[in-house]
Structures are given as C-alpha cells and as structure tokens.
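2 protein chains.
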Amino acid sequence: MPPRIKSEQDREKLRASILDAARTLFAERGIDAVSMREIAKKINYSATTLYHHFADKEALLQAVCDEDFLKLANGMHQVMLLPDLVARIQALGKGYAMFALQHPNHYRLMFMTPRAPCNPDITRIQQGNTEQDAYAQLKLVVRDAFEAGLFRPELSDSELIAQTIWAGIHGVCSLQIALGQEGWIQWVDIEARLQLMQSAMLQGILRHPATANNI
Amino acid sequence: MPPRIKSEQDREKLRASILDAARTLFAERGIDAVSMREIAKKINYSATTLYHHFADKEALLQAVCDEDFLKLANGMHQVMLLPDLVARIQALGKGYAMFALQHPNHYRLMFMTPRAPCNPDITRIQQGNTEQDAYAQLKLVVRDAFEAGLFRPELSDSELIAQTIWAGIHGVCSLQIALGQEGWIQWVDIEARLQLMQSAMLQGILRHPATANNI
DNA sequence: GGTGTTAAATTAACGACGTTAACTAATATA
DNA sequence: TATATTAGTTAACGTCGTTAATTTAACACC
Numbered sequence: 001m002p003p004r005i006k007s008e009q010d011r012e013k014l015r016a017s018i019l020d021a022a023r024t025l026f027a028e029r030g031i032d033a034v035s036m037r038e039i040a041k042k043i044n045y046s047a048t049t050l051y052h053h054f055a056d057k058e059a060l061l062q063a064v065c066d067e068d069f070l071k072l073a074n075g076m077h078q079v080m081l082l083p084d085l086v087a088r089i090q091a092l093g094k095g096y097a098m099f100a101l102q103h104p105n106h107y108r109l110m111f112m113t114p115r116a117p118c119n120p121d122i123t124r125i126q127q128g129n130t131e132q133d134a135y136a137q138l139k140l141v142v143r144d145a146f147e148a149g150l151f152r153p154e155l156s157d158s159e160l161i162a163q164t165i166w167a168g169i170h171g172v173c174s175l176q177i178a179l180g181q182e183g184w185i186q187w188v189d190i191e192a193r194l195q196l197m198q199s200a201m202l203q204g205i206l207r208h209p210a211t212a213n214n215i
Numbered sequence: 001m002p003p004r005i006k007s008e009q010d011r012e013k014l015r016a017s018i019l020d021a022a023r024t025l026f027a028e029r030g031i032d033a034v035s036m037r038e039i040a041k042k043i044n045y046s047a048t049t050l051y052h053h054f055a056d057k058e059a060l061l062q063a064v065c066d067e068d069f070l071k072l073a074n075g076m077h078q079v080m081l082l083p084d085l086v087a088r089i090q091a092l093g094k095g096y097a098m099f100a101l102q103h104p105n106h107y108r109l110m111f112m113t114p115r116a117p118c119n120p121d122i123t124r125i126q127q128g129n130t131e132q133d134a135y136a137q138l139k140l141v142v143r144d145a146f147e148a149g150l151f152r153p154e155l156s157d158s159e160l161i162a163q164t165i166w167a168g169i170h171g172v173c174s175l176q177i178a179l180g181q182e183g184w185i186q187w188v189d190i191e192a193r194l195q196l197m198q199s200a201m202l203q204g205i206l207r208h209p210a211t212a213n214n215i
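Chains as they are written, first to last, in the working numbering: chain P, 1 to 215; chain L, 1 to 215.
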C-alpha cells in the first residue's frame with residue numbers, strides 16, 4: 001500500500017508520476033495496448049486511484065499530450081528570434097522535424113493518432129497562444145512573410161500556406177515514423193528527404209526562390 | 001439461426017459478406033470501436049463464426065485493407081495510361097489522396113500506424129508489383145520523368161523525388177485524418193490544401209514549372 | 001487520550017471485449 | 001442406415017474501462 005498523501009504538493013507529485021508512467025507506456029506500446037491497471041501498477045497504485053486524478057483514460061491521454069505540446073512549443077520559441085523571415089520558416093521546420101524524429105512515439109500520440117475533437121474542458125493548452133502552440137508560431141511567421149510580399153502573387157491565403165508547409169514537413173516525418181523500418185521501401189536518407197521537401201516547397205511558394213537555396 | 005452452407009461457392013459468399021460488414025463498420029466508427037460480436041450480428045451470425053473464416057480481428061482487418069488497396073492500385077493503373085508524364089504524376093497524387101480521404105481508417109492502418117504495418121505473413125499484397133502496389137507505380141512514373149529530363153538538373157535521385165512527392169500528399173491526407181476534426185485549427189478546404197501541395201511541390205521540382213499550372 | 005470527520009486509497013463488481021472449448025445439428029459418404 | 005465431417009451454436013475465460021461500496025489513515029476538536 002502506497003503512502004498517504006498529505007499536502008497539495010504531494011498530490012501534484014502523484015499526478016505527475018501518473019502522467020510519466022502513462023507517457024512512457026503509451027509511447028512504448030501504443031494507447032490501446034496499455035491498460036489503466038498497467039499504468040497504475042507501474043507506480044504501485046490501484047487502477048481506481050487514477051480516476052481520482054483524471055476523469056477517464058481519454059483525459060489522461062489528453063493531459064500527456066498537453067505536456068508534450070508545451071515542450072514542442074517551448075523549443076520553437078527560440079527560433080522566432082531569427083531576423084530573416086525565410087530563415088525563420090526554415091528553422092521552424094527543421095526544429096519541428098527534429099522534435100518529431102527524436103520523440104517519434106510522442107509525435108505519434110500528438111499528430112498521428114485521430115482522437116475525439118479536442119475538448120476545451122479537458123485540455124489546458126491555450127490554442128492560438130504562440131507560447132503554447134507551435135502551429136500558432138508557424139502561422140505568425142507565415143503571415144509576416146505574406147504581408148512582406150515574399151510569396152507568389154497568386155497565393156492569397158496565408159493560412160493555406162502555413163498549413164501546406166506544416167503538411168509537407170509532417171508528411172516526411174510521419175512516413176518515416178510509420179514506415180521507416182519497412183524493408184520493402186528503399187528509403188533515401190531522412191535528412192535528404194527533409195531538405196528536398198523544404199527547398200521544393202519554398203521554391204514553389206516564394207516569389208523569389210533564390211532566397212531558399214541556402215539551408 | 002442462419003441457413004447452412006452447402007457449396008464452396010456459398011462459403012466464399014459468406015466470407016465476402018463478413019468482409020463487407022466489417023468494412024462498413026470499420027469505416028463508420030473506427031477499428032477499435034467495432035467489436036467482432038457487432039460485425040457478426042450485422043449479418044445474423046454468431047461471433048464465433050467469424051473465427052472460422054479469419055484467424056482473428058487483425059487478420060480480418062488486414063483482409064479488408066488488402067481488398068481496398070488492390071482497388072486503389074487498380075484505379076491507379078488506369079491513370080498510368082495518360083500520355084503526359086506530369087499529368088500522370090498529378091493524377092496519381094489526386095487518386096491516392098481521394099482513396100486516403102474516403103477510407104481514412106484503412107489508410108490509417110496501412111500508412112499511419114507503426115509496428116502494425118503491412119505484415120507479409122498475413123497480407124496478400126505483393127509489394128513492388130506495379131499492379132498491386134501504388135508506390136511502385138509512382139516510382140515508375142517519376143523515373144520515366146527523370147529520364148526524360150523533366151526535373152531540375154540539381155536533382156540526381158529519382159527515388160528521392162518519388163518519396164518527396166509521396167510525403168507531400170501523405171502529409172496533407174494524414175493531417176486531415178488525424179486532426180481534421182480538431183476545432184482549434186481553422187482548416188482551409190482540403191481540396192485547396194491538396195492542390196497547393198501538388199502545385200508547390202511540382203513548381204519546386206520541375207525544370208520548367210509552367211507545365212504544372214494546369215491542374 | 002478518545003471521537004468524529006474527511007480524504008485517500010482499496011476491493012469488488014458490472015458489462016463489454018477478443019478469443020476458445022465444448023457441443024449440436026445437418027449434411028455427405030459408406 | 002450408420003458414421004464422419006462440417007457449419008454453426010452456446011458458454012466460458014481472462015482482460016478491459018469504469019464505478020460503487022468500503023476500508024484506512026491522518027487530522028481537528030472535546
């Protein structure tokens with residue numbers, strides 16, 4: 001039997017250890033393959049205890065993802081200091097891809113697993129807040145570049161541009177995570193795939209593509 | 001109690017109706033949300049009967065996917081008759097995307113789920129066979145276009161180009177499948193996202209991008 | 001020190017799941 | 001007609017997410 005909790009601080013500590021155990025197991029074996037009982041056993045509690053901290057499995061999963069989203073957005077924030085707008089977009093893509101490839105299992109939970117629409121009652125992330133939401137950061141830079149007239153004149157929607165850039169990087173990363181180990185595809189080096197995706201997309205989107213050559 | 005089966009033909013008919021019921025339910029509500037009992041009830045059989053035709057749920061799912069992917073590759077095969085190489089690449093991408101968006105749950109299993117990829121022990125698809133494998137078809141067209149000198153001179157690896165095109169389309173589709181219902185992203189129309197991805201990538205890759213404008 | 005009160009944790013249970021064993025009834029074959 | 005095979009069933013096992021009922025420990029107060 002685990003020790004009783006006394007202070008509010010201890011309660012928070014237990015909550016954090018549940019999150020840690022859940023994240024590890026989810027990342028190791030996938031969401032459906034991990035039971036609430038298993039998570040509880042990992043920290044020497046009974047399964048019911050988890051329900052005193054999270055409404056259900058879905059809420060626990062959402063909390064795990066929230067933490068990862070914040071971690072990702074934090075890393076991106078430094079990139080935003082770069083002066084050149086195109087360089088900023090490139091660095092955002094590179095940083096995003098590095099996060100995805102270095103934390104493939106978290107990335108899978110965050111961006112490759114369909115879930116019930118994000119319920120504002122259970123997520124604590126403030127979507128749209130650039131300090132907590134990596135996509136909001138990309139949107140911001142792309143809008144700045146759009147207003148600076150850096151994109152081709154026929155492109156009239158900066159949100160569409162941001163979503164396309166995101167999709168391109170995500171496509172390379174998620175294919176690598178999902179099928180990178182498959183023997184029947186002769187995968188080219190992942191760095192080369194990322195680089196070609198970046199440069200091809202920028203060449204296709206920028207008004208003066210020359211600026212995209214130096215990566 | 002359903003009628004007894006007499007001939008081998010009837011047996012095959014039952015197998016097909018199991019596949020149909022499973023496909024419908026999987027596509028409607030997702031794989032994990034559908035039980036074997038439910039599939040069986042839909043065709044007025046007991047759950048056990050399914051196990052006389054498929055080893056387990058995984059095998060049933062794989063059989064459903066096999067059928068659909070053969071259908072995909074078949075549809076692609078007609079596209080290969082188009083005379084213009086660039087138009088062929090564009091049509092391949094469009095067909096691939098339509099398949100992904102119309103069968104999101106099957107697409108998710110084949111291309112978005114690591115560790116449960118196309119298992120050669122249970123799949124009957126022959127990877128690399130252009131009649132059964134859509135990626136092999138893309139590779140073929142891209143190599144033809146490469147040898148025809150359609151790509152930028154600095155691009156020296158046709159497999160890298162094929163993988164990048166695949167990643168771009170896959171990125172749009174898989175983001176839509178995984179996060180398309182998320183309210184916190186103001187998604188632009190999926191058709192527009194696909195079109196920009198196609199045209200931007202082609203503009204970035206082709207030697208004479210003008211050919212990519214007419215979609 | 002005893003006595004409630006309350007919060008934290010537990011055990012036990014429910015209904016649904018995938019799957020399997022044991023069984024039944026109908027057909028085919030001899 | 002007797003027997004073997006086959007297609008289908010029911011019943012059961014162990015696990016799952018989740019909840020109700022219950023126990024246990026720490027604290028406040030007399």
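A virtual CB, placed ideally from N, CA and C, is assigned to each residue, including glycine.
In this text the structure is predicted, and so the values were computed from the model without any measurement.
Item, Value
"Which first and last residues belong to the alpha helix (DSSP H) in which F26 of chain P is found?", "8-29"
"Please state whether DSSP places L72 of chain L in a helix, a strand or coil.", "helix"
"For chain P, check one thing: does any of its Cβ atoms lie closer than 8 angstroms to the Cβ of D157 of chain L?", "yes"
"Cutting at 7 angstroms between CB atoms, please list the residues of its own chain near W166 of chain P, excluding the five before and the five after it.", "Y135, L138"
"DSSP state of L82 of chain P, grouped into three classes?", "coil"
"Nearest by alpha-carbon distance to E58 of chain P: which of P:F69, P:K71, P:V79, P:S35 is it?", "P:S35"
"I'd like to know whether the C-beta atoms of H208 of chain P and G171 of chain L end up nearer to each other than 8 angstroms.", "no"
"On the three-state DSSP scale, how would you describe F54 of chain P?", "coil"
"Could you check the C-alpha separation between L101 of chain P and K41 of chain P for me, to the nearest Å?", "30 angstroms"
"Could you tell me which whole alpha helix (DSSP H) segments of length 4 or greater appear in the region 100-141 of chain L?", "104-107"
"Going by C-alpha to C-alpha distance, which of L:F99, L:A73, L:L25 sits closest to I177 of chain L?", "L:F99"
"Verify the CB distance criterion: does L60 of chain P have a CB-CB separation below 8 angstroms to chain L?", "no"
"Taking the straight line between their C-alpha atoms, what separation do you get for E12 of chain P and E154 of chain L?", "56 angstroms"
"Could you tell me whether any Cβ in chain L is nearer than 8 angstroms to the Cβ of Q137 of chain P?", "no"
"When you compare the region 192-204 of chain L with the region 140-149 of chain P, are there three or more beta-carbon pairs, one atom per stretch, that lie closer than 8 angstroms?", "no"
"How long is the line joining the alpha carbons of G149 of chain P and E38 of chain L, rounded to whole angstroms?", "56 angstroms"
"Check the Cβ of P83 of chain L against every Cβ in chain P and list those closer than 8 angstroms, keeping chain order.", "Per Cβ cutoff of 8 angstroms: no residues; P83 of chain L is ~24 angstroms from chain P at best."
"Quick one: Cα of R88 of chain P to Cα of L160 of chain L, how far?", "25 angstroms"
"One question on the structure: do Q127 of chain P and W184 of chain L come within less than 8 angstroms of each other, judged by their Cβ atoms?", "yes"
"Determine the direct distance from the alpha carbon of D133 of chain P to that of D66 of chain P, and round the result to whole angstroms.", "10 angstroms"
"Spell out whether any CB of chain L is found under 8 angstroms from the CB atom of V64 of chain P.", "no"
"Going straight from the alpha carbon of Q195 of chain L to that of T164 of chain P, what length do you get?", "10 angstroms"
"Could you tell me the alpha carbon to alpha carbon distance between D10 of chain P and A192 of chain P, rounded to whole angstroms?", "48 angstroms"
"Please state whether DSSP places L150 of chain P in a helix, a strand or coil.", "coil"
"By the DSSP assignment, the alpha helix (DSSP H) with E182 of chain L in it spans what residues?", "Neither: E182 of chain L is in no alpha helix (DSSP H) and is coded neither H nor E."
"So, at 8 angstroms on beta carbons, what are the nonlocal neighbours of I125 of chain L in its own chain, with the 5 sequence-adjacent residues on each side left out?", "D66, F69, L70, C118, Q132, D133"
"On a CA-only basis, which of L:T24, L:S7, L:A91, L:L14 is nearest Y51 of chain L? Give me that one, please.", "L:L14"
"Checking contacts by CB at 8 angstroms: is Q186 of chain P closer than that to chain L?", "yes"
"Using beta-carbon positions only, say whether L60 of chain P and A21 of chain P come within less than 8 angstroms of one another.", "no"
"If you draw a straight line from the alpha carbon of E147 of chain P to that of E28 of chain L, how long is it in whole angstroms?", "42 angstroms"
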